[in-house]
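**Student:** Dropping a structure here in structure tokens format, bear with me for questions.
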Amino acid sequence: PLPGVRVRAVDSAGRPVPAGEIGELSVRGGNVTMGYVDDPELTATVLRDGWLATGDLGTVDGDSAVRILDRRKDVILRGGVNVFSVQVEAVLRTAPGVREAAVYGIPDELGGEAVAAAVVLADAATLDVAGLRTLVGRELGISAVPRRVQRVERLPRNANGKVDKRRLRNDQP
Numbered sequence: 358p359l360p361g362v363r364v365r366a367v368d369s370a371g372r373p374v375p376a377g378e379i380g381e382l383s384v385r386g387g388n389v390t391m392g393y394v395d396d397p398e399l400t401a402t403v404l405r406d407g408w409l410a411t412g413d414l415g416t417v418d419g420d421s422a423v424r425i426l427d428r429r430k431d432v433i434l435r436g437g438v439n440v441f442s443v444q445v446e447a448v449l450r451t452a453p454g455v456r457e458a459a460v461y462g463i464p465d466e467l468g469g470e471a472v473a474a475a476v477v478l479a480d481a482a483t484l485d486v487a488g489l490r491t492l493v494g495r496e497l498g499i500s501a502v503p504r505r506v507q508r509v510e511r512l513p514r515n516a517n518g519k520v521d522k523r524r525l526r527n528d529q530p
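Be aware that the sequence shown starts at 358, since it is given in my numbering, and climbs by one per residue.
Rendered as structure tokens:
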């Protein structure tokens with residue numbers, strides 16, 4: 358963390374978790390916002406006792422080293438297992454011919470979510486769904502294997518240039 362900024366990981370009730378355990382990262386310091394202008398309700402959703410909830414899940418070790426795992430809203434709950442979309446995306450990007458990847462949750466008829474992926478391929482590459490699934494399963498385990506893989510020409514992005522996973526979810530057949 359930056360000098361003067363404290364970081365901690367907390368559970369869903371806002372209690373600090375032990376060093377190395379996954380929690381939502383919260384920050385506190387003189388340069389951290391005091392809230393949203395003229396919006397106390399929104400401020401109350403992100404500020405708790407002077408700590409700003411970042412929306413990121415991660416760990417803080419005993420030496421205060423921070424490791425960000427994923428955005429809370431992008432974690433996929435599959436069969437009781439948390440699947441971190443950024444980890445699946447990183448593995449997919451190592452596959453030959455994959456230029457970009459976005460991973461997101463879709464409704465699962467058995468409850469929870471299933472993993473879905475949208476990939477942008479290099480010009481001459483062909484989509485090898487079985488190969489991608491095998492790669493993810495080998496690297497991250499069966500829970501992280503995408504049920505659906507689709508090729509897209511480009512990933513949808515929001516006004517900030519970030520991949521719009523909500524749009525990918527909503528565009529599912």
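All C-beta atoms in this analysis are idealised placements derived from N, C-alpha and C, irrespective of residue type, glycine included.
When you compare only the Cα positions, how much space is there between Ala473 and Val367?
**Tutor:** For the purposes of this step, residue 473 is identified with residue 116 of the sequence shown, where counting begins at 1. For the purposes of this step, residue 367 is identified with residue 10 of the sequence shown, where counting begins at 1. Computed Cα separation, rounded: 28 Å.
**Student:** Buried or exposed: Ile499, going by 16 or more other Cβ atoms within 10 Å of its Cβ?
**Tutor:** For the purposes of this step, residue 499 is taken as residue 142 along the sequence shown, with counting starting at 1. Per the 10 Å Cβ criterion, exposed.
**Student:** Let me know if Leu467 comes out buried or exposed under the rule of 16 or more other beta-carbons within 10 Å of its beta-carbon.
**Tutor:** Position 110 of the sequence shown, counted from the first residue, corresponds to residue 467. So Leu467 ends up on the exposed side.
**Student:** Check each candidate in Lys519, Leu525 and Leu492 and name the one with the smallest Cα separation from Arg508.
**Tutor:** Here residue 508 is taken as the residue at index 151 of the sequence shown, counted from 1. Cα-wise, what sits closest to Arg508 is Leu525.
**Student:** Taking only three categories from DSSP, how would you classify Gly469?
**Tutor:** By 1-based counting over the sequence shown, the position of residue 469 is 112. Coil at Gly469, not helix or strand.
**Student:** Would Ile317 be called buried (16 or more neighbouring beta carbons within 10 Å of its own) or exposed?
**Tutor:** Absent from the model: residue 317. The displayed extent of the chain is 358 to 530, so no value can be given.
**Student:** At the level of alpha carbons, what is the spacing between Arg428 and Leu414?
**Tutor:** For the purposes of this step, residue 428 is taken as residue 71 along the sequence shown, with counting starting at 1. For the purposes of this step, residue 414 is taken as residue 57 along the sequence shown, with counting starting at 1. Cα-Cα distance, rounded: 6 Å.
**Student:** With a threshold of 8 Å on Cβ separation, who are the neighbours of Arg405 within its own chain once the five nearest residues in sequence on each side are excluded?
**Tutor:** To locate residue 405, count along the sequence shown from 1; it is residue 48. Same-chain partners within the cutoff: Gly371 and Ser383.
**Student:** Do Arg435 and Ile463 have their C-beta atoms closer together than 8 Å?
**Tutor:** Locating residue 435 in the sequence shown gives position 78, counting from the first residue. Locating residue 463 in the sequence shown gives position 106, counting from the first residue. Cβ distance not < 8 Å, so Arg435 and Ile463 don't count as in contact.
**Student:** Tell me where the beta strand (DSSP E) around Arg456 begins and ends.
**Tutor:** The residue you call residue 456 lines up with position 99 of the sequence shown. It spans Val455 to Pro464 - the beta strand (DSSP E) in which Arg456 sits, taken as one unbroken run.
**Student:** Asn439 bridges to which residues according to DSSP?
**Tutor:** For this step, residue 439 is matched to residue 82 along the sequence shown. Leu434.
**Student:** Helix, strand or coil for Ser500 per DSSP?
**Tutor:** Here residue 500 refers to the residue found at position 143 when the sequence shown is read from its first residue. Here Ser500 sits in helix by DSSP.
**Student:** In or out: Gly380 buried (at least 16 other Cβ within 10 Å) or exposed?
**Tutor:** Against the sequence shown, residue 380 aligns to sequence position 23. Label assigned to Gly380: buried.
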